[in-house]
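Enquirer: Just so you know, we're using the working numbering here: the sequence shown kicks off at 409 and counts up by one. One structure coming up, written as structure tokens, with questions to follow.
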Amino acid sequence: MGYEADSIESPEESLPIYFLRKTYDDISWNGFVESVQMFINAVDWSQPWLWMLLGFHIISLFIVIKLRNNTTSLAVITFGLNILKVLLVGLAKPINTLAQDNWQKFSRDNYFDQSGFFISMVFSFPILCNSVFGIVLILNEVLHLLKKVKIAQIKHQRARVSLLEEKRKERQDDKKFKNK
Numbered sequence: 409m410g411y412e413a414d415s416i417e418s419p420e421e422s423l424p425i426y427f428l429r430k431t432y433d434d435i436s437w438n439g440f441v442e443s444v445q446m447f448i449n450a451v452d453w454s455q456p457w458l459w460m461l462l463g464f465h466i467i468s469l470f471i472v473i474k475l476r477n478n479t480t481s482l483a484v485i486t487f488g489l490n491i492l493k494v495l496l497v498g499l500a501k502p503i504n505t506l507a508q509d510n511w512q513k514f515s516r517d518n519y520f521d522q523s524g525f526f527i528s529m530v531f532s533f534p535i536l537c538n539s540v541f542g543i544v545l546i547l548n549e550v551l552h553l554l555k556k557v558k559i560a561q562i563k564h565q566r567a568r569v570s571l572l573e574e575k576r577k578e579r580q581d582d583k584k585f586k587n588k
């Protein structure tokens, strides 16, 4: 195939992956959309365990959305539960192996392959997206608070400068009055 350093004419030739080419076209995007559609169509979404998993993800998302205005609670939920979420994502491979061995007990089809693609898509990816969404909300609130603090600092500084100016003027007026 010619992957040795002597035979490489350009870096693109050493990379057989089509999406690393310099020119991007609709083929890569359309291929992705088609892959997602094929995945969605291949899964029997009427199974109860998938509905429960979907419910878990939706409830988690609604909790984050509900707490978006309460920064302290959102931080506790997001960072506190991130430990649990990271643990769950870390356990995805053992969960996948367990599900692969026992899929007949809860599912009509075996979706659990060796690579763990299915569990990554329906379990780990939504958990990670939910965590990132919570962190983005917290960072937005932190930026809002930083803006408020900076505005307060500027107002305080202006008030202090104004007060010093008034005192300086009073001293100048006192000097003028004493000199008369």
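Even glycine gets a Cβ: it sits at the ideal position worked out from N, Cα and C.
#1: Comparing alpha-carbon positions, which option in PHE585, VAL544, LYS577 and LYS563 lies nearest LEU482?
#2: List the endpoints of the continuous alpha helix (DSSP H) containing SER454.
#3: Thinking C-alpha only, which one of GLU573, GLU442 and HIS552 is nearest ASN477?
#4: According to DSSP, simplified to helix, strand and coil, what is GLN561?
#5: Please list the terminal residues of the continuous alpha helix (DSSP H) segment that includes ILE503.
#6: From this set, LYS575, GLU442, LEU458 and GLU574, which residue's C-alpha is nearest SER515's C-alpha?
#7: When you compare only the Cα positions, how much space is there between LEU423 and SER528?
#8: Does the beta-carbon of GLY542 have 16 or more other beta-carbons within 10 angstroms, so that it is buried, or is it exposed?
#9: DSSP on GLY524, reduced to helix/strand/coil?
#10: Within the same chain, show all residues whose beta-carbon is closer than 6 Å to that of ASN548, passing over the 5 residues directly before and after it, in chain order.
#11: Once the 5 residues before and after VAL451 are set aside, which same chain residues still bring their CB inside 7 Å of it?
Expert: In brief:
#1: Between LEU482 and the set PHE585, VAL544, LYS577 and LYS563, the nearest pair of CA atoms involves VAL544.
#2: Secondary structure note for SER454: it is in no alpha helix (DSSP H), with a DSSP letter that is neither H nor E.
#3: Cα-wise, what sits closest to ASN477 is HIS552.
#4: Note: GLN561 maps to helix in three-state DSSP.
#5: In this chain, the alpha helix (DSSP H) harbouring ILE503 covers 500-510.
#6: Closest option to SER515, Cα to Cα, is LEU458.
#7: The pLDDT assigned to LEU423 is 39, lower than 50, so where the model puts this residue is not dependable; a value taken from the coordinates is nonetheless given after this. Rounded to whole angstroms, LEU423 to SER528 spans 26 Å at the Cα level.
#8: Classification of GLY542: buried, given that the 10 Å Cβ count is 16 or more.
#9: If DSSP states are grouped into helix, strand and coil, GLY524 belongs with coil.
#10: Nothing listed; no residue qualifies.
#11: Counting only Cβ-Cβ distances below 7 Å, and skipping sequence neighbours, we find TYR519.
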